[in-house]
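In our numbering, the protein residues as written are 556 to 777. This report concerns only the one structure given below.
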Amino acid sequence: MNGVHDMGGMQGFGQIVREENEPVFHADWEGKMRAMLVTLSKKNVINLDEVRYAVERVKPDFYLAFSYYEKWLYGLLILLIEKGVLNDVEIQEIKKGFSLDENQDLLNALTQLKYVRDNKTALNITRESAPKFKPGDTVITKLIHSKGHIRLPSYAKGKMGCVKEIHGNYKLPETNIYSEQAIKEPVYLVEFDASDLWGPDTPRKDKVLIDLWESYLQPATI
556 MNGVHDMGGM QGFGQIVREE NEPVFHADWE GKMRAMLVTL SKKNVINLDE
606 VRYAVERVKP DFYLAFSYYE KWLYGLLILL IEKGVLNDVE IQEIKKGFSL
656 DENQDLLNAL TQLKYVRDNK TALNITRESA PKFKPGDTVI TKLIHSKGHI
706 RLPSYAKGKM GCVKEIHGNY KLPETNIYSE QAIKEPVYLV EFDASDLWGP
756 DTPRKDKVLI DLWESYLQPA TI
């Protein structure tokens with residue numbers, strides 16, 4: 556999904572300042588939120604792909620203003636509303652915690668549930684295919700503009716790279732959301748010249764390595 560979350564390479568956000576001796580959590584509630592996320596995952600109420608996709612759908616003005624764990628908390632809220640885990644009273648109490656108007660719509664128009672329903676035939680096909688590529692193959696990433704959850708960053712779309720390793724078959728994220736029949740695909744470690752991604756001012760010897768699912772790739776014709 557294209558959105559404000561996919562900001563790799565964007566300019567204008569200022570310098571990234573590293574916090575020395577950074578604690579795991581800056582506040583007690585962050586640890587509680589993390590524990591809640593892990594518990595819900597262990598109970599099979601949610602999975603990580605679903606949470607990531609919910610975070611991607613946090614409204615842009617909120618996303619840019621939130622801290623790291625606030626993004627995860629709000630994304631988890633979106634997911635629990637969509638799954639019917641929270642009742643109306645609980646939702647109103649949560650809105651107060653976020654200082655939101657009681658009539659504020661917490662969900663974007665697009666939900667993964669609607670996307671799955673609209674693409675039911677494609678997403679209900681289960682398969683686990685053998686790798687189409689091998690180490691040393693030259694590939695090009697596809698120009699994918701999916702409304703679902705994909706793990707191909709915008710800065711790497713339509714770029715040429717070289718397959719370095721095959722990691723094995725893993726669930727394709729877009730098919731692992733609101734679905735019990737996720738498709739498994741080969742995942743490759745693909746190496747890119749940094750200058751192909753970031754331009755001629757990049758040090759010529761720099762490389763960027765990205766793990767990518769097979770459906771994100773196509774053979775390069777040279």
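Ideal Cβ placement from N, Cα and C applies to all residues, glycine included.
- Query: In the region 676 to 759, which residue ranges form an unbroken alpha helix (DSSP H) of at least 4 residues, counting only runs that do not cross its ends?
  - Reply: 749 to 753
Since residue 690 and residue 720 should fall inside the 8 angstroms C-beta cutoff, what is the C-beta to C-beta distance between them, to a whole number of angstroms?
6 angstroms
* Excluding the five sequence neighbours on either side, which residues of its own chain have a C-beta within less than 7 angstroms of the C-beta of residue 701, listed in chain order? -> 556, 729
key: 4-residue-minimum alpha helix (DSSP H) runs that sit fully inside the region 620 to 658, ordered along the chain   = 623 to 637, 643 to 652
Please classify residue 747: is it buried, with 16 or more other beta-carbons within 10 angstroms of its beta-carbon, or exposed? buried
Delimiting residues of the beta strand (DSSP E) encompassing residue 587: Careful: residue 587 lies outside any beta strand (DSSP E), inside the alpha helix (DSSP H) at 583 to 597.
For the pair the region 564 to 578 and the region 596 to 615, tell me if three or more CB-CB distances fall below 8 angstroms.
no
Discussion item. So for residue 604, helix, strand or coil by DSSP?
Written reply: helix
Please list, in chain order, all residues of the same chain as residue 638 whose beta carbon is under 8 angstroms from its beta carbon, the five residues on each side excluded.
600, 601
So, residue 582 versus residue 693, is the Cβ gap smaller than 7 angstroms?
no
Within this structure, are the beta carbons of residue 745 and residue 718 separated by less than 7 angstroms?
yes
Got a sec? Which residues, its chain only, sit under 7 angstroms from residue 634 by beta carbon, not counting five neighbours each side? 601, 605, 606, 609
Next item on the list: Please report how far the alpha carbon of residue 642 lies from the alpha carbon of residue 697, in whole angstroms.
Entry: 41 angstroms
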